[in-house]
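J.: Before we start, here is the structure in question, set down as structure tokens.
Numbering (my numbering), first residue to last: 32 to 133.
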């Protein structure tokens with residue numbers, strides 16, 4: 032007789048699992064690997080890369096912050112201690128984040 036294999040429940044699919052978000056929360060996702068797909072109207076992302084948008088921040092502000100901030104972090108990872116860096120467009124989103132990180 033063959034034994035039936037029990038299917039493992041995927042993480043985060045159970046009904047008793049707690050979620051850090053409530054219905055109606057405004058959320059913004061950080062795209063941590065590459066900024067690909069950041070301009071999509073809809074995206075399926077893990078809750079691990081999402082945060083609640085504060086009430087004081089508009090949807091546009093949240094989108095600008097996570098997109099430019101993510102790109103700045105990706106670029107900043109390439110910079111090593113002792114490197115000399117010239118930041119063009121320091122008044123823009125990515126450039127202003129890089130200046131704050133310097």
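Heads up, the beta-carbon is just placed ideally off N, CA and C, and yes, glycines get one too.
Tell me, which residues are paired with residue 82 by DSSP?
T.: 59, per the DSSP bridge assignment.
J.: Mark residue 103 as exposed unless 16 or more other C-beta atoms lie within 10 angstroms of its C-beta, in which case mark it buried.
T.: Buried: at least 16 other Cβ atoms inside 10 Å.
J.: On the three-pair Cβ rule with 8 Å, is the region 71-89 touching the region 49-57?
T.: Counting Cβ pairs under 8 Å, three or more are found: they touch.
J.: Going by beta-carbon coordinates alone, are residue 99 and residue 125 separated by less than 7 Å?
T.: Contact flag set, yes.
J.: Determine whether the beta carbon atoms of residue 129 and residue 118 lie at a separation below 7 Å.
T.: A contact, by the Cβ cut-off of 7 Å.
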